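Participant: Residue numbers (this note's numbering), protein chains in the order written: chain A, 2 to 285; chain B, 899 to 1155. First the structure, which I've put down as structure tokens, then a few questions once you've had a look.
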Amino acid sequence: MPSPSAPLIALDTLWFQVAGTICNIECTHCFISCSPANHSHEMLSLADVEMRLAEARELGVREYYFTGGEPFMNRDIIPILRATLRQGPATVLTNGMLLRKDVCRSLRELFDESDYSLDLRVSLDGFDAESHDAIRGKGVWDRVMVGLTNLAEAGLDPVITVTTAAEGVASGEGRKRFLEIIRGFGFAKPRLKVLSLFRIGAEETRTHAYESWERLTSLTNEEASVLQCSSCRMVTSKGVFVCPILIEEPRARMGDTLRETMRPFALEYGACHTCWVDGVTCTT
Amino acid sequence: MRLAFIGGIYSNYHALVATLDDIARRGVEATYFLGDLGAFGPHPNRVPELLIERGIRGIQGNYEESLSTRANDCHCGYTDPRDNHYAQISYDYTFANTSDALKDWMGTLPREIRFEAGDKRFLLVHGSPRRINEFLWRSTSPDPFLEKLCRDHDADVIVCTHTGLQWHRALASGRHVINAGVIGRPANDGQTNVWYALVSLPSCEVEFVPVHYDHQKLAAEMRAEKLPEEFVETVLTGWWTTCLEVLPAKERAAGKW
């Protein structure tokens, strides 16, 4: 049976794999197995980003997201964000470990000088060092705490994102506990987003791979229009992919330019099943 | 020529009376409401009754769409559990206290209004031309995106509401997007007044007009109706206490909570 497709209704959200698959840690649940040595996708330069921003302006893109890998490993990240914020709102997804005081000050300056929103998302994977570090590596929690303190000092309130690997976070009680933890860092306006896990990349080993029946078999255009791939694309060093999740799938590479990707996408992957069933959106 | 646009009213009939008085004093050609007549405030029949009595034209918001179709929730478009909790209290109260006749009347309202004025094609929508509950915030609605919305929907001027915060963008193409703000609750700025929009033509100059009303009286009535104290606090302090998670970073930073 052929897979259903998602139409591209409007290109609202443009993602940049700004740090490629290069990260300073190796999370056991990473759906693209990022690590210090994974060069599957390389870092993007300021020129790479500017080229797509110019195309995005023509297409009326609404918002920009930056991820990796770890975006703050990209030495050009501040100039890249400055260039982006001249054109629209930007959100950066980070593990929070490289948020030094000077970086946070630069981010605060960008926040203040732009008419558009600059937002940060910092990932936590547990209620404490033990559970967080079990997924992210020894000593990571302590470094994130320093980063979050620096952000709070700079007066920037991030969104804390937590995957469902953190046990109980999806429950009302779990949310409440997490919001209290965030307040404890010194953030007056705690924000929390819970993310689903995709059983690909490293997560495939931590839990298990998708079963062959975990595929979408039928979906109307109207139903597919709520999927994020009906309104987003992802720019990496290898070209333009359908979404932030499927960048290791060769058939999810839709073209070299944004315009080439303005067409429907066949939802043939296990991750597509998760997106539909869990109602996932990678945007905030 | 001047036109007046009234955003979300949220059952705040005290503010509606004050707004209509202000508009009458200024002498405008036409006045339009942009939907979300109910929610948040007390006695939800009073706002639609007053609009009908004064013969004011307008469009459905997500509230009118939900009430007229007898839906279970407001379809406000929130994603956070706490926001949805308060939105549900608000909707259940409004649903229970809106007459069937007015719910049916809400179903007769158009979803958009188009007209030409001062050589400009106006399009009035509640959220955006694409979706009744899409949020068009100032800090997340960049110019290229707004130009595309105007192009795709054949409009020179789009007027919307839904977010609760007023703004105006004059685009390089000569088009305009105006979020009229709301008169239902304050603009999360620590002031108790509310805002409506006046547009002068042909210049398309936009003036956001602050409206002061008896907010103490509204607060007392909300308490008498046992509406959440969090809502009352917003009316009395000018700071939003609920429905905060949808705010973009910039707008969130500007508020107290």
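Each residue gets a CB set at the ideal place from its N, CA and C atoms; glycine is no exception. Remember, it's a predicted structure, so these values are computed and weren't measured experimentally.
Does the region 1002-1018 of chain B come close enough to the region 1035-1042 of chain B that 3 or more CB-CB pairs lie under 8 Å?
Facilitator: Contact between the region 1035-1042 of chain B and the region 1002-1018 of chain B is absent, because fewer than three Cβ pairs lie under 8 Å.
Participant: Indicate whether at least one CB of chain B lies closer than 8 Å to the CB of residue 117 (chain A).
Facilitator: Yes - at least one Cβ of chain B is within 8 Å of the one on residue 117 (chain A).
Participant: Compare the C-beta of residue 1140 (chain B) against all C-beta atoms of chain A and say whether one is closer than 8 Å.
Facilitator: It does not; no Cβ of chain A falls within 8 Å.
Participant: Could you give the residue range of the alpha helix (DSSP H) that holds residue 1113 (chain B)?
Facilitator: From DSSP, the alpha helix (DSSP H) with residue 1113 (chain B) extends over 1113-1122.
Participant: Is residue 81 (chain A) near residue 50 (chain A), with beta carbons less than 8 Å apart?
Facilitator: Yes, the Cβ-Cβ distance between residue 81 (chain A) and residue 50 (chain A) is below 8 Å.
Participant: Give the interface partners of residue 120 (chain A) over in chain B, defined as CB-CB distance under 8 Å, in chain order.
Facilitator: Within chain B, the residues near residue 120 (chain A) are 1146, 1147.
Participant: So what's residue 1137 (chain B) in DSSP terms, helix, strand or just coil?
Facilitator: Coil at residue 1137 (chain B), not helix or strand.
Participant: Run down chain B in chain order and give the residues with a C-beta less than 9 Å from the C-beta of residue 88 (chain A).
Facilitator: Residues of chain B passing the Cβ test: 1040, 1041, 1042.
Participant: Please compile the residues from chain B whose C-beta is within a distance smaller than 7 Å of the C-beta of residue 58 (chain A).
Facilitator: In chain order: 1042.
Participant: Helix, strand or coil for residue 1131 (chain B), going by three-state DSSP, please let me know.
Facilitator: Helix, per DSSP.
Participant: CB of residue 52 (chain A) to nearest heavy atom of the ligand NAP: below 7 Å?
Facilitator: The ligand NAP is not part of this structure, which contains no ligands at all.
Participant: If we call anything under 8 Å between Cβ atoms a contact, is residue 1092 (chain B) one with residue 1078 (chain B)?
Facilitator: No, the pair does not count as a contact, with Cβ atoms beyond the cut-off.
Participant: Take residue 259 (chain A) and list the residues in its own chain whose beta-carbon comes closer than 7 Å to its own, dropping the five residues that flank it on each side.
Facilitator: Cβ neighbours of residue 259 (chain A) beyond the five flanking positions: 12, 53, 56, 57, 60, 234, 241.
Participant: Can you give me, in chain order, the residues of the region 141-158 of chain A that have a beta carbon less than 9 Å from any beta carbon in chain B?
Facilitator: Cβ contacts with chain B come from 156, 157, 158.
Participant: Any beta-carbon of chain A closer than 8 Å to the one on residue 1150 (chain B)?
Facilitator: Yes, because at least one Cβ of chain A sits closer than 8 Å to the Cβ of residue 1150 (chain B).
Participant: Can you list, in chain order, the residues of its chain with a C-beta nearer than 6 Å to that of residue 1054 (chain B)? Leave out the 5 residues immediately preceding and following it.
Facilitator: Here the set comprises 1018, 1019, 1073.
Participant: Alpha carbon to alpha carbon, how far is residue 43 (chain A) from residue 990 (chain B)? Give it in angstroms, no decimals.
Facilitator: Approximately 52 Å between the Cα atoms of the pair.
Participant: Would you say residue 173 (chain A) faces chain B, with C-beta separation under 8 Å as the test?
Facilitator: At least one chain B Cβ lies under 8 Å of residue 173 (chain A).
Participant: Just how far apart, CA to CA, sit residue 195 (chain A) and residue 99 (chain A)?
Facilitator: Distance between the alpha carbons of residue 195 (chain A) and residue 99 (chain A) is about 22 Å.
Participant: In the DSSP assignment, what are the bridge partners of residue 120 (chain A)?
Facilitator: The partner list for residue 120 (chain A) (beta bridge, DSSP) reads A:92.
Participant: Would you kindly work out how many angstroms separate the C-alpha atoms of residue 87 (chain A) and residue 1150 (chain B), rounded to a whole number?
Facilitator: Rounded to the nearest angstrom, the two C-alpha atoms are 20 Å apart.
Participant: Nearest chain B C-beta to residue 62 (chain A) closer than 8 Å, yes or no?
Facilitator: Judged by the 8 Å Cβ criterion, residue 62 (chain A) is in contact with chain B.
Participant: Show which residues of chain A have a CB atom less than 8 Å away from the CB atom of residue 1045 (chain B).
Facilitator: Residues of chain A passing the Cβ test: 61.
Participant: So within the region 108-189 of chain A, which uninterrupted alpha helix (DSSP H) runs reach at least 4 residues, ignoring any that extend past its ends?
Facilitator: Entirely contained in the region 108-189 of chain A, the alpha helix (DSSP H) runs reaching 4 residues are, in chain order, 130-137, 141-154, 173-185.
Participant: Name the one or two DSSP bridge partners that residue 17 (chain A) has.
Facilitator: Residue 17 (chain A) is bridged to A:67, A:236.
Participant: Taking all protein chains shown into account, decide if residue 1064 (chain B) is buried (16 or more other Cβ within 10 angstroms of its Cβ) or exposed.
Facilitator: Buried, by the Cβ-count rule.
Participant: Work out the CA separation of residue 1128 (chain B) and residue 1106 (chain B) for me, nearest whole Å.
Facilitator: In a straight line, the C-alpha of residue 1106 (chain B) is about 26 Å away from that of residue 1128 (chain B).
Participant: First and last residue of the beta strand (DSSP E) that includes residue 901 (chain B)?
Facilitator: Counting along the chain, the beta strand (DSSP E) containing residue 901 (chain B) begins and ends at 900-904.
Participant: According to DSSP, simplified to helix, strand and coil, what is residue 1065 (chain B)?
Facilitator: It is a strand residue.
Participant: Taking a Cβ distance cut-off of 7 Å, strictly less, list which residues of the region 192-208 of chain A are near chain B, in chain order.
Facilitator: Against chain B - using a Cβ distance shorter than 7 Å - the residues of the region 192-208 of chain A are 192.
Participant: Kindly indicate the opening and closing residues of the beta strand (DSSP E) around residue 1095 (chain B).
Facilitator: Here the beta strand (DSSP E) through residue 1095 (chain B) covers 1092-1098.
Participant: With DSSP collapsed to three states, give me the class of residue 907 (chain B).
Facilitator: Of the three classes helix, strand and coil, the one that applies to residue 907 (chain B) here is coil, per DSSP.
Participant: Does any residue of chain B bring its CB to less than 8 Å from the CB of residue 190 (chain A)?
Facilitator: By this cut-off, residue 190 (chain A) is an interface position.
Participant: What first and last residue would you give for the beta strand (DSSP E) that runs through residue 898 (chain B)?
Facilitator: Residue 898 (chain B) lies beyond the residue range present for chain B, which begins at 899 and ends at 1155; the question has no answer from this structure.
Participant: Using a C-beta to C-beta distance shorter than 8 Å, which residues of chain A count as neighbours of residue 979 (chain B)?
Facilitator: The contacting residues are 173, 176.
Participant: To be precise: take each residue of the region 998-1018 of chain B, compare its Cβ to all Cβ atoms of chain A, and keep it if any distance is under 8 Å. Which residues remain?
Facilitator: The residues in question: there are none.
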